[in-house]
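**Student:** All residue numbers for the sequence shown refer to the working numbering, where the first residue is 5 and numbers rise by one. My questions all concern the structure below.
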Amino acid sequence: MDNNKQNHPFDTATQLTGESGIYYGYTSECYTNMVGPFGGIIAATLLRAVMEHPERKGEPVSLTINYTAPVLDGNFSIKAIPTRTNRSTQHWYIELCQDKGIIITGTAVFASRRETWSSTERAFPNVPSANEVKSFSSEGMPPWVYNYDMRIIQGTLLALSQPNQKNTSNSVTLQWIQDEPRRPIDFLSLTAMCDAFFPRIYVRRKQMVPVGTVSLTIYFHVNSEALTKHGDKEVLGHARALQFYNGFFDQTAELWSPEGKLLTTTSQLVYYKE
5 MDNNKQNHPF DTATQLTGES GIYYGYTSEC YTNMVGPFGG IIAATLLRAV MEHPERKGEP
65 VSLTINYTAP VLDGNFSIKA IPTRTNRSTQ HWYIELCQDK GIIITGTAVF ASRRETWSST
125 ERAFPNVPSA NEVKSFSSEG MPPWVYNYDM RIIQGTLLAL SQPNQKNTSN SVTLQWIQDE
185 PRRPIDFLSL TAMCDAFFPR IYVRRKQMVP VGTVSLTIYF HVNSEALTKH GDKEVLGHAR
245 ALQFYNGFFD QTAELWSPEG KLLTTTSQLV YYKE
């Protein structure tokens, strides 16, 4: 790991001790959300447990985590178990525990990709460059927001809009985002950025209600070589909800490179209470 990463708050927040599939960590005050830690940093920490496992083969192609209960501030342990290794794929089961209880269950798939026919069907959004968009003000926001330079093109928090602004007809967000301070992107930071969108219901409506992610899935469409070439440049996030229904809504999103390469697609199910 280079010095820039060693000293970066993100790497401190996702740091683990232990070995052979049993790891220990501590939640970071820098990445605190309204209640508990920022979900993206927890997802990245779970992926790190697999990345650092001595039996790991290949690179991540998918990650799914399910929250059985909220993660509390403090100590936690992570168990990462390889359930099956095939010629080109490796399957993992992951648990995060606190106070002897299972808080998160998850699965991951790693793969050794081979160069073959590839194609992207979804078009890169027509957006201004990051330099043309003003940075989002983190003032008054939860601590985790301060760790990102967000430049929201469309779909900011409706509660921050003008007093006479009514609820909107959609929950689409387009935003440029990068770590603050800058950090070369990798699978871990990409994982966290997949959750670095404000809840869709806060984009659609002014009313603030309790929310919490129930399940999060990420598909990686990039390899480590491409991420190394990407460096510390920003990525474009494009998120939307498809349905709000009786206490739950979904979020579907993509992360793109500035050159128009699709890096990840992600979806999550979110609980809301009112």
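A virtual CB, placed ideally from N, CA and C, is assigned to each residue, including glycine.
Hey, residue 74 and residue 105 are a contact pair by Cβ (cut 8 Å); roughly how many whole angstroms apart?
**Tutor:** That pair is no contact at about 11 Å.
**Student:** Quick one: is residue 37 buried, meaning 16 or more other Cβ sit within 10 Å of its Cβ, or exposed?
**Tutor:** By the neighbour-count rule (16 or more Cβ atoms within 10 Å), residue 37 is buried.
**Student:** Take residue 25 and list the residues in its own chain whose beta-carbon comes closer than 7 Å to its own, dropping the five residues that flank it on each side.
**Tutor:** Result list for residue 25: 57, 83, 84, 85, in chain order.
**Student:** Quick one: residues in its chain with C-beta nearer than 6 Å to the C-beta of residue 149, no 5 flanking neighbours on either side, listed in chain order?
**Tutor:** Within the same chain, residue 149 has close Cβ partners 142.
**Student:** Looking at the unbroken beta strand (DSSP E) that takes in residue 64, where does it start and where does it end?
**Tutor:** Run containing residue 64: 63-71, per the beta strand (DSSP E) assignment.
**Student:** Using only alpha-carbon positions, find the residue among 163, 18, 117 that is nearest to residue 144.
**Tutor:** When only C-alpha atoms are compared, the closest one is 163.
**Student:** Any idea if residue 199 is buried or exposed, counting beta-carbon neighbours within 10 angstroms, 16 or more meaning buried?
**Tutor:** Counting Cβ neighbours within 10 Å, residue 199 comes out buried, since at least 16 surround it.
**Student:** Return the chain-ordered list of same chain residues with a C-beta closer than 8 Å to the C-beta of residue 223, the five sequence neighbours on each side being excluded.
**Tutor:** Contacts found: 65, 66, 268, 269, 270.
**Student:** Quick one: is residue 177 buried, meaning 16 or more other Cβ sit within 10 Å of its Cβ, or exposed?
**Tutor:** The residue in question, residue 177, is buried, as its Cβ has 16 or more Cβ neighbours within 10 Å.
**Student:** Looking at residue 235 and residue 128, is the spacing between their C-beta atoms short of 7 Å?
**Tutor:** No, Cβ-Cβ distance for residue 128 and residue 235 is not below 7 Å.
**Student:** Would you call the CB atoms of residue 80 and residue 94 closer than 7 Å?
**Tutor:** No, Cβ-Cβ distance for residue 80 and residue 94 is not below 7 Å.
**Student:** Provide the residue(s) that pair with residue 239 in DSSP beta bridges, ordered along the chain.
**Tutor:** Beta-bridge pairing links residue 239 to 181.
**Student:** Below 7 Å between beta carbons: does that hold for residue 273 and residue 193?
**Tutor:** Contact flag unset, no.
**Student:** Inspect the beta-carbon positions of residue 70 and residue 109 and report whether they are closer than 7 Å.
**Tutor:** For residue 70 and residue 109, yes; Cβs fall inside 7 Å.
**Student:** Let me check understanding here. Comparing Cα to Cα, which of 161, 54, 184 lies closest to residue 175?
**Tutor:** Of the listed residues, the one whose Cα sits closest to residue 175 is 161.
**Student:** Just the Cα atoms here: how many angstroms apart are residue 216 and residue 244?
**Tutor:** Roughly 17 Å separates the two Cα atoms.
**Student:** What does the alpha-carbon distance come out to for the pair residue 135 and residue 238?
**Tutor:** Spanning the two alpha carbons is a distance of roughly 10 Å.
**Student:** Distance, Cα to Cα, residue 206 vs residue 212?
**Tutor:** Straight-line Cα distance between these residues: approximately 7 Å.
**Student:** From what residue to what residue does the alpha helix (DSSP H) around residue 204 run?
**Tutor:** From DSSP, the alpha helix (DSSP H) with residue 204 extends over 204-208.
**Student:** By Cβ distance, which residues of its chain are closer than 6 Å to residue 210, with the 5 residues on each side in sequence left out?
**Tutor:** These residues qualify, in order along the chain: 162, 163.
**Student:** Between residue 191 and residue 52, what straight-line distance do the alpha-carbon atoms span, to the nearest angstrom?
**Tutor:** Whole-angstrom Cα-Cα distance: 9 Å.
**Student:** Could you say which of 259, 117, 277, 179 lies nearest to residue 91 if we only look at CA atoms?
**Tutor:** Nearest of 259, 117, 277, 179 to residue 91, Cα basis: 117.
**Student:** Across which residues does DSSP place residue 155 in a beta bridge pair?
**Tutor:** Residue 155 pairs with 180.
**Student:** Express the C-alpha separation of residue 197 and residue 121 in angstroms, rounding to a whole number.
**Tutor:** Their backbone Cα atoms lie some 28 Å apart in a straight line.
**Student:** In whole angstroms, what is the alpha-carbon distance linking residue 78 and residue 87?
**Tutor:** Each residue's alpha carbon lies about 29 Å from the other.
**Student:** Please classify residue 126: is it buried, with 16 or more other beta-carbons within 10 angstroms of its beta-carbon, or exposed?
**Tutor:** Exposed, because fewer than 16 other Cβ atoms sit within 10 Å of the Cβ of residue 126.
**Student:** Report the residue from 137, 55, 262 whose alpha carbon sits nearest the alpha carbon of residue 240.
**Tutor:** Checked all of 137, 55, 262; the closest Cα to residue 240 is 262.
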